[in-house]
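Asks: Shown below is the structure under consideration.
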Amino acid sequence: MSISEPDSRHEVILYLENARQISSLLSPNERQAVASFLALLQQHYPERVLQTILFGSKARGDSRSWSDIDILTVVDRDDWRLSHAISNLAADVSLEYDVLIGPRVIGQERWERMKERRFSLYQNIAAEGIPLT
């Protein structure tokens with residue numbers, strides 16, 4: 705699911721473990737949609753997107769056929785224009801693959817504050833999230 709080749713042995717092991725885990729949680733069509741979304745993020749915003757994490761019911765393994773695919777997208781800084789553009793990419797991919805990708809775009813500084821202040825969203829993603837990039 706990673707866009708770029710892993711750099712180290714540790715990253716290769718993590719990549720393989722995550723790929724196996726994701727293949728058991730997402731349908732082939734959902735995996736293709738996520739891969740397409742990640743590729744578009746890398747193509748359009750390689751310097752801005754720092755991390756992506758699958759979370760929510762898909763990551764927990766308790767999703768239904770109508771469940772969305774929640775993807776945390778940590779970016780270099782909060783910017784409503786970037787958030788809107790990423791949401792548009794997700795919408796385009798969602799329509800193409802007949803799925804619903806729900807990106808949650810958060811700036812790195814805000815994500816760190818959420819960690820420090822123990823926000824429930826941070827705690828849930830830390831506990832159940834599966835890194836995609």
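Be aware that the sequence shown starts at 705, since it is given in this note's numbering, and climbs by one per residue.
Note that beta-carbon positions come from the ideal geometry of N, C-alpha and C, so glycine has one too.
Since the structure is predicted, the reported quantities are computational estimates derived from the model, not experimental observations.
1) Quick check on the burial criterion: 16 or more other C-beta atoms within 10 angstroms. Buried or exposed for PRO750?
2) Which term fits THR837, buried or exposed, when burial requires 16 or more other beta carbons within 10 angstroms of its beta carbon?
3) Mind reading off the beta-carbon distance from ILE805 to VAL778? Whole number of angstroms is fine, and I expect it under 8 Å.
4) Do you know offhand how far ASP766's Cα is from ILE834's?
5) Is PRO807 helix, strand or coil by DSSP?
6) Over the uninterrupted alpha helix (DSSP H) stretch that includes PHE741, give me the two end residues.
7) From what residue to what residue does the alpha helix (DSSP H) around ASP796 run?
8) Once you ignore the five residues that flank SER727 on each side, which residues in its own chain have a CB closer than 7 Å to its CB?
9) On a Cα-Cα basis, can you pick out the residue from TRP815, LEU793, ILE773 that is closest to GLN755?
10) By Cβ distance below 7 Å, which residues in the same chain neighbour VAL803 in space, the five residues on each side in sequence not counted?
11) At the level of alpha carbons, what is the spacing between ALA830 and ARG817?
Replies: From the atom records:
1) PRO750 is exposed by the Cβ-count criterion.
2) THR837 comes out buried.
3) The pair is not a contact, with the Cβ atoms about 16 Å apart (cut-off 8 Å).
4) Spanning the alpha carbons of ASP766 and ILE834 requires a straight line of approximately 14 Å.
5) Note: PRO807 maps to strand in three-state DSSP.
6) Segment 732-748, the alpha helix (DSSP H) holding PHE741.
7) ASP796: member of the alpha helix (DSSP H) spanning 784-801, first to last residue.
8) Scanning its chain for C-beta atoms nearer than 7 Å, with the 5 sequence neighbours on each side dropped, one finds around SER727 the residues ARG735, in chain order.
9) The shortest Cα separation from GLN755 among TRP815, LEU793, ILE773 belongs to TRP815.
10) ASN733, GLU734, ALA737, ILE773.
11) Rounded to the nearest angstrom, the two C-alpha atoms are 14 Å apart.
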